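Residue numbers (our numbering): 28 to 649. First comes the structure, then the notes that go with it.
This is the structure in structure tokens:
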């Protein structure tokens, strides 16, 4: 769904020998600083910059100055100024943006923010889910965002706290999720001096920009509403990705006159280039056997209806990536497995790729021929042609672009008989081949039989989930979640807790191996304390199973660092106050999962298993 965003007002300059005098205001700041500026000069620059509502990052060894006008924003104050602390300004600004849930870990640099959260939580304005590790807080924010389509928010201390959250932020970045990370800092007048203050790391903003699309800092309470407003607008601009804001502890504790801002308005998606739409429509309308590849961008823009309408108009099979699963119900004959993509692609004369990086057909063993007619639609212009040079590239949000394409294609579309019999047979044959991979298929189908249509499957980097990326039937949008190309081991369990917080009315099942589950099993405490009623499956083979199999098969059995010593999972569950169950077969898993769903309580189900076959080799996918 589209939301509006303004431009970030940020100026970077690296003029050698610049020194901050600030004679011309934010727009024409001209300065002169020695190559190795002294602490005194940096303090003077910071002071002058703060007076103008700017953030100054001293150059020191980074060779670049950065000035961010955190006050400038298209939004207007909704009320007059009010005297409040920086912490109150921060929480009030988050509330103004509709944020009602925060996954957080407290710490001394965030005391001012948590003091404000105390009042907001007591008044019922916000829910604070405190976790046992910063990775858990950020993963849960990711899960919340995926379940709701709204901003998932985490709050962590600076330095090691933020570094702990980066694996989760990198996953949200890879999967285009709206996550806002709120971070502390060290004392504002000592940032970048390297004195060794608690949690200090050099260039924290520069570091976090590797896994966010925007990061900025406020150093006065009055700056904070603009900081939050700009971050939210940036988050929703174009390709959705995480953003970070940080506020030093002295700013959170100090008081000032603060003018709160209204929430950022709903985004207006730009129209797709009509000439590109017309060109693509003519090609698609005259095609004999088109095929559609649909990715996570279809979910991000809620373009499910448009995708189905265009596919039916063209009688085009829809191959969904692992992040696109559920964009078209698997009960529809046009919805096809990625496993069938190879054969379907070979017979297609035109390919439409929507909201996907289009990796599989260009990097797997079944590569796309270089002379194939390809139309690529993506909201990010940098993705057009990244993996394959398209015949027509359309920069557009999937919902807006597909709607325009439907209207224009109707004028050119040839008469098309139903392909139901043909495509149903292809789909059935593909499913039969997929189901030959055991025991993965048997366990996955046991889960599917118990999981409601709108139940949410959260897949980890584990054997049953690998199979499920191709073979697990999905019937509704946003009910099949993966870590995408980051392949983040340890993502599944904590993310599923955030999913359940965001969608408490739905059944949420996470599918983990014992290796990945071990990354965050301490969050069982969070699950119990906050009564998060998700169900966690742990397939226990006593190893990093994929690694051990590779070492066994490809390195002559030279296994190293792949065997695991695991706890007694039933005692572990009991120790944390979670219901523990065990299942040794697919039939037992189906029974135990059904009982756990009926009990509607936090549950952990262990499934002891033997090493599983390589699904990719069995299906000749790689």
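Even for Gly, the Cβ is constructed at its ideal location relative to N, Cα and C. All values reported here derive from a predicted model rather than from experimental measurement.
Curious, which full-length alpha helix (DSSP H) runs of at least 4 residues does the segment 135-171 contain? 138-149
Looking at the structure shown, is residue 119 part of a helix, part of a strand, or coil, going by DSSP? helix
For residue 360, name the three-state secondary structure that DSSP assigns. coil
If you drop the 5 nearest sequence neighbours on each side, which residues of the same chain put their C-beta closer than 6 Å to that of residue 512? 201
With a threshold of 8 Å on Cβ separation, who are the neighbours of residue 203 within its own chain once the five nearest residues in sequence on each side are excluded? 266, 267, 268, 323, 324, 327
With a cut-off of 8 Å on the beta carbons, I'd call residue 305 and residue 435 a contact; round off their distance for me. 6 Å
C-alpha distance - residue 398 paired with residue 375, whole-angstrom precision: 12 Å
DSSP-derived helix/strand/coil call for residue 244: strand
Three or more C-beta pairs closer than 8 Å, one from the segment 298-315 and one from the segment 418-426: is that the case here? yes
Answer with buried or exposed for residue 207, where buried requires no fewer than 16 other C-beta atoms within 10 angstroms of its C-beta. buried
CA-to-CA distance, residue 248 to residue 270, given in whole angstroms: 20 Å
Determine the DSSP secondary structure at residue 339, reduced to helix, strand or coil. helix
Starting from residue 496 and walking both ways along the beta strand (DSSP E), at which residues does that stretch end? Where residue 496 is concerned, there is no enclosing beta strand (DSSP E), although the alpha helix (DSSP H) it sits in stretches over 490-498.
Select from 534, 180, 136, 151 the residue whose C-alpha is nearest the C-alpha of residue 157. 180
What does a CB cutoff of less than 6 Å around residue 54 pick up in its chain, not counting 5 residues either side in sequence? Below a pLDDT of 50, predicted positions are generally treated as unreliable, and residue 54, at 29, falls in that range; the measurement from the model is reported next regardless. Within the same chain, residue 54 has no close Cβ partners at all.
Among 316, 383, 594, 400, which residue has its Cα nearest to the Cα of residue 410? 383
Uninterrupted alpha helix (DSSP H) stretches inside the segment 235-306 (no shorter than 4 residues): 251-263, 276-280
Inspect the beta-carbon positions of residue 503 and residue 351 and report whether they are closer than 8 Å. no
Straight-line Cα distance separating residue 113 from residue 69: Residue placement at residue 69 is poorly supported in this model, since its pLDDT is 44, which falls under 50; the coordinates still yield a value, given next. Going by the C-alpha atoms only, they are around 23 Å apart.
Between the alpha carbons of residue 174 and residue 159, how many angstroms are there, rounded? 22 Å
Residue of 482, 427, 243 minimising C-alpha distance to residue 296: 427
Which of helix, strand or coil does DSSP assign to residue 200? helix
Please confirm whether residue 189 and residue 461 have their CB atoms less than 8 Å apart. no
Report the CB separation of residue 140 from residue 251 in whole angstroms; it is logged as a contact under 8 Å. About 10 Å; that fails the 8 Å criterion.
Assuming contact is defined by CB atoms lying nearer than 8 Å, are residue 136 and residue 223 in contact in what I supplied? no
Just the C-alpha distance for residue 590 and residue 565, rounded to the nearest angstrom, thanks. 16 Å
Just to confirm, are residue 638 and residue 568 a CB contact at a threshold of 8 Å? yes
Please classify residue 442: is it buried, with 16 or more other beta-carbons within 10 angstroms of its beta-carbon, or exposed? exposed
In whole angstroms, what is the alpha-carbon distance linking residue 484 and residue 219? 44 Å
Where do the ends of the alpha helix (DSSP H) carrying residue 577 lie? 572-581
Within 10 angstroms of its Cβ, does residue 358 collect 16 or more other Cβ (buried), or is it exposed? exposed
One question on the structure: do residue 558 and residue 613 come within less than 8 Å of each other, judged by their Cβ atoms? no
Answer yes or no: do residue 311 and residue 341 have a C-beta to C-beta separation smaller than 8 Å? yes
Using a Cβ-Cβ cutoff of less than 6 Å, which residues in the same chain neighbour residue 152 once the five nearest sequence positions on both sides are dropped? 122
Could you name the residues of the same chain whose beta carbon sits closer than 8 Å to that of residue 148, not counting the 5 residues immediately before and after it, in chain order? 154, 155
Secondary structure, alpha helix (DSSP H): runs of 4+ residues fully inside the segment 525-561: 541-544, 551-556
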